[in-house]
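Numbering (this note's numbering), first residue to last: 33 to 472.
The beta carbon of each residue, even a glycine, is placed where N, CA and C say it ideally should be.
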Ligand SMILES: NC(=O)c1ccc[n+]([C@@H]2O[C@H](COP(=O)([O-])OP(=O)(O)OC[C@H]3O[C@@H](n4cnc5c(N)ncnc54)[C@H](O)[C@@H]3O)[C@@H](O)[C@H]2O)c1
């Protein structure tokens with residue numbers, strides 16, 4: 033019989049990319065034993081980085097040694113929270129590269145904005161660190177492909193921050209699906225709703241003295257400081273963000289892809305628009321429907337950034353249709369229905385993990401962080417979100433953005449997920465500030 037762990041390893045095309053430690057990284061990386069303490073750097077101590085600082089500090093055998101943010105006030109706030117929680121205060125850096133220099137650190141958590149994800153992760157790998165990388169894996173598809181190569185080259189463990197992969201209830205549901213309980217899965221409907229406010233029209237002003245604006249921009253082309261970007265609103269500008277699709281659909285599209293056990297869609301079609309506060313600086317859609325045709329199933333994502341009406345009592349979730357029944361799953365459990373729509377089985381967690389708030393806290397993170405630490409220590413071979421798999425779900429989000437920006441339906445290769453349509457280079461990759469282009 034296949035154990036749950038064996039099953040998960042083979043599910044959805046997931047392969048463990050734990051290759052041998054390359055000699056270059058090995059020369060300055062600490063070899064971590066099963067009982068060794070893991071010293072953690074956090075890059076980006078904003079909403080999400082603050083949550084992860086607490087999660088890593090609280091994880092057994094881990095300690096947060098370094099907090100890095102070009103807004104140094106945020107490191108001080110995170111240090112105050114560490115002290116409140118009874119943890120030792122961490123060293124503080126404006127520039128994360130200082131922290132990478134120290135040979136006593138093992139793992140780098142990246143919760144900086146999206147334009148930093150792949151470049152930061154590659155610098156971390158080059159410095160011999162394992163990486164916990166917030167979703168999306170990349171700012172564009174080319175970066176995801178590059179990061180997979182870098183991970184294989186350096187042999188460190190990169191865990192992607194799509195924490196529902198570690199939800200015991202979701203794992204259980206996927207197991208039931210694989211055992212045929214819902215029959216053939218032919219459609220997965222996913223959604224997210226929020227009521228985000230206008231970001232207004234920013235003014236170009238001098239960067240505030242609490243922020244190293246140059247370092248904040250890093251790999252992104254230089255722009256004058258504008259007073260409605262930092263913090264958080266960068267999500268809605270193409271130079272730094274990746275839209276609600278990579279911001280939130282990434283979580284549910286990942287569950288959908290896992291449920292149907294597929295890698296890449298054949299076709300991607302999108303309808304999206306900015307429907308609210310149309311006069312402000314927000315560069316993207318706030319309302320979008322993306323349809324993905326896979327060989328045996330269709331996946332749909334509906335994103336409503338500015339209209340928070342719930343579906344099935346939830347602000348976000350995944351509805352999986354099978355020929356024998358259906359299931360609704362979110363971060364807090366699942367329900368199975370028969371073909372008559374009658375509830376057959378329900379599993380709920382005792383403590384909720386945040387659903388549509390912007391920090392994503394809750395017990396799920398603890399499970400996901402612990403899974404990463406166990407794989408690093410070699411006490412678990414079942415990595416829940418390796419980067420080669422996280423890239424595939426991130427790519428689904430990028431494909432929706434490309435379809436939106438080109439106005440075209442995309443036909444994609446089953447082997448690589450790349451569109452066969454002509455896609456402008458600046459959508460597949462992007463321009464980098466001189467000296468910041470990631471390479472391996
Ligand atoms: N998994 C989840 O549930 C979840 C939830 C929220 C956010 N996120 C992800 O986390 C990331 C951060 O989101 P956020 O909401 O915390 O944004 P935020 O804007 O509140 O925080 C980002 C922080 O990164 C800092 N930063 C920028 N450049 C940096 C650099 N060079 N070095 C170190 N720090 C740098 C910023 O100053 C800021 O403090 C995003 O990529 C987002 O997609 C994931």
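### Message
Quick check: residue 278 and residue 471, are their CB atoms within less than 8 Å of each other?
### Response
no
### Query
Looking at residue 167 and ligand 1, is the gap between the Cβ and the nearest heavy atom below 7 Å?
True, at least one ligand heavy atom lies under 7 Å from that Cβ.
### Task
List the whole-angstrom C-beta distance separating residue 287 from residue 196, where the pair is believed to meet the contact cut-off of C-beta under 8 Å.
Residue 287 to residue 196, Cβ: 6 Å. Contact.
### Message
Taking the beta carbon of residue 167 as the centre, do at least 16 other beta carbons fall within 10 Å, making it buried, or is it exposed?
### Response
buried
### Message
So, with DSSP's three-state summary, where would you put residue 63?
### Response
coil
### Task
On a CA-only basis, which of 458, 369, 378, 415 is nearest residue 214? Give me that one, please.
369
### Query
residue 236: beta carbon under 7 Å from a heavy atom of ligand 1?
no
### Query
Is residue 248 near ligand 1, going by C-beta to nearest heavy atom under 7 Å?
yes
### Message
Whether or not the segment 221 to 229 and the segment 266 to 282 are in contact is what I'm after, with contact meaning three or more pairs of Cβ atoms, one per stretch, closer than 8 Å; do they touch?
### Response
yes
### Task
Could you give the DSSP three-state label for residue 230: helix, strand or coil?
coil
### Message
Less than 6 Å between C-beta atoms, sequence neighbours within five positions excluded: which residues of the same chain meet that for residue 244?
### Response
Cβ within range, chain order: 102, 126.
### Task
Provide the residue span of the beta strand (DSSP E) that contains residue 358, from first to last.
358 to 362
### Query
Where do the N-terminal and C-terminal ends of the alpha helix (DSSP H) with residue 85 fall, by residue?
79 to 90
#### Entry: residue 465 versus 117, 72, 76, 248, residue with shortest Cα-Cα distance
248
### Task
Ignore the nearest five residues each way along the sequence and tell me which others in residue 70's own chain have a CB closer than 7 Å to its CB.
64, 93, 94, 138, 139, 405, 408
### Task
For residue 263, name the three-state secondary structure that DSSP assigns.
For residue 263, the three-state secondary structure derived from DSSP is coil.
### Query
How far does the alpha helix (DSSP H) with residue 270 in it reach, from first residue to last?
Per DSSP, residue 270 belongs to no alpha helix (DSSP H) and is neither H nor E.
### Query
Can the beta-carbon of residue 299 be found less than 8 Å from the beta-carbon of residue 114?
no
### Message
Using 8 Å as the threshold, is the C-beta distance between residue 218 and residue 324 below it?
### Response
no
### Task
Kindly list the residues whose CB is nearer than 8 Å to the CB of residue 391, restricted to its own chain and excluding five residues on each side of it in sequence; keep chain order.
79, 80, 82, 83
### Query
To which residues of the same chain is residue 460 closer than 7 Å at the C-beta, ignoring the five residues directly before and after it?
In chain order, 172, 173, 174 place their CB closer than 7 Å to the CB of residue 460, counting only its own chain and leaving out the 5 sequence neighbours on each side.
### For residue 333, the residue or residues it bridges with in DSSP
Per DSSP, the beta-bridge partners of residue 333 are 222, 322.
### Query
Apart from the five residues just before and just after residue 146, which ones in its own chain have a Cβ nearer than 7 Å to its Cβ?
168, 171, 272, 273, 274, 278
### Query
Per the contact definition of three or more C-beta pairs closer than 8 Å, is the segment 230 to 239 in contact with the segment 258 to 272?
A contact is defined here as three or more CB-CB pairs under 8 Å, and the segment 258 to 272 meets this definition with respect to the segment 230 to 239.
### Task
For residue 66, I'd like the list of residues in its chain whose CB is within less than 7 Å of its CB, leaving aside the five on either flank, ordered along the chain.
409, 410, 411
### Task
Tell me whether residue 316 sits in a helix, a strand or coil according to DSSP, three-state version.
Three-state DSSP puts residue 316 in coil, outside helix and strand.
### Query
Which one of 75, 118, 349, 334 has the shortest CA to CA distance from residue 98?
75
### Message
Taking the alpha helix (DSSP H) that residue 19 belongs to, which residues open and close that run?
### Response
With the chain covering only 33 through 472, there is no way to say anything about residue 19.
### Message
Please determine whether the Cβ atom of residue 270 lies at a distance below 7 Å from any heavy atom of ligand 1.
### Response
no
### DSSP-derived helix/strand/coil call for residue 127
coil
### Task
Can you give me the start and stop residues for the beta strand (DSSP E) that residue 349 sits inside?
Bounds of the beta strand (DSSP E) holding residue 349 are 348 to 354.
#### Entry: Beta bridge counterpart(s) of residue 303 as assigned by DSSP
321
#### Entry: Length at least 4, wholly inside the segment 101 to 150: the alpha helix (DSSP H) runs in chain order
104 to 116, 128 to 133
### Query
On the three-state DSSP scale, how would you describe residue 465?
coil
#### Entry: Beta-carbon contacts of residue 364 that lie in its chain and below 7 Å, excluding the five residues immediately before and after
380, 381, 384, 385
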